[in-house]
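Chains as they are written, first to last, in this note's numbering: chain Y, 256 to 618; chain D, 256 to 618; chain A, 256 to 618; chain W, 256 to 618.
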């Protein structure tokens, strides 16, 4: 499997930026999960560019559900959703196709696919492909919701500005899921947006860190080796274009602590065993321990910038300079958020099904 | 698959800390790869505890190759290596089995396996299981060497002490692979060891960061979605007990840069296309770009410490205090190094086989 | 994975008989394979009902290639083809949904999917879903052709009438691939059609056996255990609705022979090692031996018949009688032929890629 | 994955006929399944050669459980069982290594593994490798037993002699599982043995057909596409050396019937929905329907015979004659029986876990 992921619940992505459409097949979901089209539209809207801080290429994202849904519920068979491409720019991509856009996949795609790759607008490497993932991810999120599991992500850092930390997961996650620019502290969010606009004005771009929390995951999900929760989640998350790091709990920060500081001591509280801290991010030995699962993704600054950059033309093997004057995002961190949520949801549906079976969801 | 990983090259791990043995099956490796038993022993020695900075439990690691090797070469069929356990402590683990060791997998294992887990010494969650991975990983490393691909890892940080950065990959990697405490700057290494001994004296432990570089990987390895090089490598690396973060290139550091700072500009040098910087760690769009692949793993401090810790007894559901006076490591960062190398090697063999086929290795 | 198959080359099917469409995603195919739309249409025409011996439901099969193809060649990324459903009968399937059609999947689908299954016209279990497989299978067949590998299938038996045996694979395969009712002996084909029409007149149906030969497969494809050629091919072929047996070489017939009769003796002919007979169907130890791969699929008679049948209503748990007066096929053997070819082609692309790699196809 | 099979429950085989040992890793089995060593020994005894009708190479099959079992129960982690080879003949296999034994894998192995294959006694292609499968298969059979599912196989045909048909599954399965030569009609069994001895006297060998029935499988196991019960089972069964055909229900026999004869009509009996016949072998649309699952495997005559056979020497590329005077079986049908049972059990554990989850087994 290359563009597919998961064992019990499997997602397959397809599509190119300027082809007929992008989409995904989500298979292995149980029958009877409500498919709320308003929710799918809401999720797609969170991914869609909006306003000054995004690219002016805005697609309506009118999707087609080709299979797996009947009368508003999943049927138990594969769910194929296609999002046709509508606003494909008429720009002649062929002219520039041999000039590498730094930190993009142009060169590796050319080499890997021997010149047959769809080079228009990044082709299959485009962030546009994530629209399919978000569409089917909405179904995964709905399934988790029925089991009392919820996911929320905030922009923990953007353009060097830190957001507040989670203080109350329950209420904050609900709020985040209704925000197009998901921060815990709105003042910080405004500062981030200003920095994004400054970068844009300077023909530059910015990156950031997304922090995700999962509530309600039962104890015992994940495996000791290979299909650890961390391994499965990171595998999925590194597919999101621009993600260059994934960490759980304190992540890289834990490396600087002493064991006595890092360890999560336990206590019995209201009859339940909990940890006093959550430095391990809800996962021990690869397996959920009942505490919130907390993870962070590093998102690099959008590689496409209007500033001139040194690069090469690989048809002539000569040095050249590139200035990308087309439509692009000065920041994709806020748009990547819902893709992270979708990926996490799909991966957890897979891991839960391994433990509890497909039939469990129908109870 | 749970305790198996990989598609074209697959590794399966088995074993418990105090069972009959630990081991691994490596399948999909081509026939004709030299199996150098001295090299396997060398690799196992790098994992083995040694001296003051490690646990006093030292195993001879006398392994048995049950299959897949004939006359010093791989046969092309599954290679099963078992490392029998010899020095299993007579300590009565049963006495303490319901007292959770903080940040260990005891509690999740009990819940997941319903009380049937092998609880002795961490069972299947023990770092001891990595011995099998290291043994078969030696074969993967040998295969890569034949194709001009080499892997080296140094302790980039330990107990808060930073090692030097890579300056010359070629020579430094060779040196690292012969060091039991792998650092680029020996003076820094001495400082790290002192800190480890201090931690030990304080009944505490320390963590660190391992940085790995891969040289010689051809352009075009990895897939755009899901089986990205980052996704596959992180999936494997998070199986190593204590790893809580994985990043590529600048990793989390890239989130703070502007696009113009983060992007790897290109140039033609000696007729070849290279990037001037390597902030993306040799990977664009999930695919190798011909530059060194650079990644880092955050390793948490050893959870087992001799300091008293608050915890619970989950058979009585009561709070209690645990003081682990047994054999344990004040630091496992240096021992985890060869496990990282092994995992990276196995994963790259898998990714290379996807692109080039099994037969390619035999040419 | 449930509705996906293959490792290096993976096919994912989706769709229901009366939903928006059916389709398939073919992933892992190399870049640069010619995508000949006339050939895709030809292949779909072989699957389409035609004339008296088929169902009157005829779809135009106007397909949409959503991804993975640019300028008439594969790009190396997933190929999604959707065949929208157009001629969906207005018949009220809801009325009869609880009356089990004998030997169909109605009852198991209801139980498995808890009443949420798409029950209209067999839903996901309908033979209509094979249209997607045939569309993407055409690409796999084209890829094999470039490597000198060809596949042909004839109706070895239908309604009790035996076709002639293969006498000259090369020329016969070419002829078969242009016939809508694929037989080696046309007189036998006419007898089969007469029997089909008789069955239809009697409100009944017939089955048969399809025999497939593959020429040009190199020695060494397939694995000794599990991913044997036989195992992989049979796994794929049993997905075709109505297939109840798969055999290779002499198949069940070999069980009655002595070893000295069954063994394929070898000889050197024109400098090449060949077997004098091909009782093992080109496969030893799960691996291709260079002789033609020969396999047969048993296809049961179409379960939907107009004769009254005893059955049950599972909403009332009462016995009842069903007479299926709708549109159906008195025989699907001839239509299943191209589905077999497609499945075999996709499976061989997968097995070849394991051995030779993705890049091999581009040479 | 090559020598591994299954998704939720995975079996990995390793070993060669004349290496240190053969074995298997069974992963994904739930914790708490009783591991009855007497039963493992019993199962291994059914596979072991015995008496005149088998090879004189008899191994004690003293196995080692390296992992995954504690105190007589599975722990939930991978179960590795090794069966060391003891009675490896001192015969110099090297002398004959280039002379192809007809219908064996010698030639394909040489080509596939480039001369590095373990050629001694068939190496990894030897039936000896099935000992590992039988050992871990015993655990799978025990797990199924706890859920009321039982498997039985009889020699439906051997050397042209037909056994009686199943008349009472419940009692007959129990009896078969205690017979070393598993037939329903002992008189027929004696005729088969006579024919085997005749073949042996003539330096020849015989084949046969094994028929398997599974009782107690719940409705709804298996998937509509690809992971159909038929597809999964056949995939596993074709790994058993010598199996050349797999069919379900009436199998190839169904091809000759009319739909009205082949269809399984339904009725309500004692409040339950059952089919009056079981021509589909308990499977509709790839999914279990609650009736006994019935399948048959064609087993070819042992290829190794003492009669002279024409063959080639592939080091000299010359024709030659081979007469195999070593130790071999005139028939392996009766020994293959327990391998079929083991494979079916492992595959069903996998399919059941997909539907019900790992935790279900612990209830």
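All C-beta atoms in this analysis are idealised placements derived from N, C-alpha and C, irrespective of residue type, glycine included. Here the structure is a predicted model, which is why all the values come from computation and not from measurement.
I need the boundaries of the beta strand (DSSP E) containing residue i, first residue and last residue.
i	result
residue 574 (chain Y)	573 to 577
residue 553 (chain D)	548 to 554
residue 279 (chain A)	276 to 282
residue 564 (chain W)	564 to 568
residue 463 (chain Y)	463 to 470
residue 270 (chain Y)	265 to 270
Note down, in chain order, every chain A residue with its Cβ under 7 Å from the Cβ of residue i.
i	result
residue 614 (chain D)	610 and 611
residue 369 (chain Y)	286, 287 and 617
residue 296 (chain W)	Per Cβ cutoff of 7 Å: no residues; residue 296 (chain W) is ~24 Å from chain A at best.
Name, please, each residue of chain D whose Cβ falls closer than 7 Å to the Cβ of residue i.
i	result
residue 262 (chain W)	256
residue 557 (chain Y)	514
residue 412 (chain Y)	510
Can you pull the chain A residues whose beta carbon is under 9 Å from the beta carbon of residue i, in chain order?
i	result
residue 404 (chain W)	The contacting residues do not exist; residue 404 (chain W) stays about 17 Å from chain A at best.
Using a Cβ cut-off of 8 Å, pull out every chain A residue sitting near residue i, in sequence order please.
i	result
residue 332 (chain D)	479
In chain Y, what lies closer than 7 Å to residue i by C-beta?
i	result
residue 280 (chain A)	267, 269 and 280
residue 515 (chain D)	459, 560 and 562
residue 293 (chain A)	Ordered by position in chain Y, no residue passes the 7 Å Cβ test against residue 293 (chain A), which lies about 19 Å from the chain.
residue 372 (chain A)	286, 330 and 331
Anything in chain D within Cβ reach of residue i, meaning under 8 Å, just list it in chain order.
i	result
residue 360 (chain Y)	479, 539, 540, 541 and 542
residue 259 (chain Y)	481
residue 357 (chain Y)	518, 519, 520, 521 and 530
Could you give the residue range of the alpha helix (DSSP H) that holds residue i?
i	result
residue 441 (chain A)	441 to 456
residue 409 (chain A)	Not the alpha helix (DSSP H): residue 409 (chain A) falls in the beta strand (DSSP E), residues 405 to 413.
residue 398 (chain D)	385 to 401
residue 592 (chain Y)	588 to 611
Could you work out which residues of chain Y lie near residue i, taking near to mean beta carbons separated by less than 9 Å?
i	result
residue 283 (chain A)	256, 257 and 258
Going along chain D in order, which residues have a C-beta closer than 9 Å to the C-beta of residue i?
i	result
residue 379 (chain W)	322, 323, 330, 331, 332 and 333
Any residues in the segment 476 to 492 of chain W with a beta carbon nearer than 7 Å to a beta carbon of chain Y? Which ones, in chain order?
-> 479
Between the segment 485 to 500 of chain W and the segment 367 to 387 of chain W, do three or more beta carbon pairs fall short of 8 Å?
-> The segment 485 to 500 of chain W makes contact with the segment 367 to 387 of chain W: 3 or more CB pairs, one atom from each, lie closer than 8 Å.
Can at least three beta-carbon pairs, one atom from the segment 323 to 338 of chain A and one from the segment 362 to 371 of chain Y, be found at a separation below 8 Å?
-> yes
For the 8 Å Cβ check, are there 3 or more pairs between the segment 575 to 592 of chain A and the segment 451 to 462 of chain A?
-> In short, these stretches touch, since the Cβ pair count reaches three.
contact_flag[the segment 351 to 360 of chain D, the segment 586 to 604 of chain Y] where n(CB pairs < 8 Å) is 3 or more | no
Kindly confirm or deny that the segment 425 to 441 of chain W and the segment 524 to 542 of chain W touch, where touching means at least three C-beta pairs closer than 8 Å.
-> no
For the segment 501 to 525 of chain Y, which residues have a CB atom closer than 9 Å to at least one CB atom of chain D, in sequence order?
-> 501, 502, 503, 504, 505, 506, 507, 508, 509, 510, 511, 512, 513, 514, 515, 516, 517, 518, 519, 520, 521, 522 and 523
Closer than 9 Å, Cβ to Cβ, to anything on chain Y: give me those residues from the segment 303 to 332 of chain A, in chain order.
-> 319, 320, 321, 322, 323, 324, 325, 326, 328, 329, 330, 331 and 332
Of all the alpha helix (DSSP H) runs that stay within the bounds of the segment 483 to 560 of chain D, which reach a length of 4 or more residues?
-> 484 to 492 and 514 to 517
Ignoring anything shorter than 3 residues or poking outside the segment 286 to 364 of chain A, list the beta strand (DSSP E) runs there in chain order.
-> The qualifying runs are 334 to 339.
Evaluate contact between the segment 307 to 315 of chain W and the segment 410 to 427 of chain W, counting only Cβ atoms and requiring at least three cross-stretch pairs below 8 Å.
-> no
If we count Cβ pairs, one from each stretch, closer than 8 Å, do we get three or more for the segment 369 to 378 of chain A versus the segment 272 to 283 of chain A?
-> yes
Count the CB pairs spanning the segment 484 to 493 of chain W and the segment 560 to 570 of chain W that are closer than 8 Å, and state whether there are at least three.
-> no
Under 7 Å (Cβ pairs) to chain Y, residues found in the segment 562 to 583 of chain D | 562, 564, 565, 566, 567, 569, 572, 573 and 574
Inter-stretch contact (C-beta, 8 Å, three-pair minimum) for the segment 277 to 295 of chain W and the segment 404 to 418 of chain W = no
Any contact of the segment 288 to 304 of chain W with the segment 511 to 522 of chain A, i.e. 3+ C-beta pairs under 8 Å?
-> no
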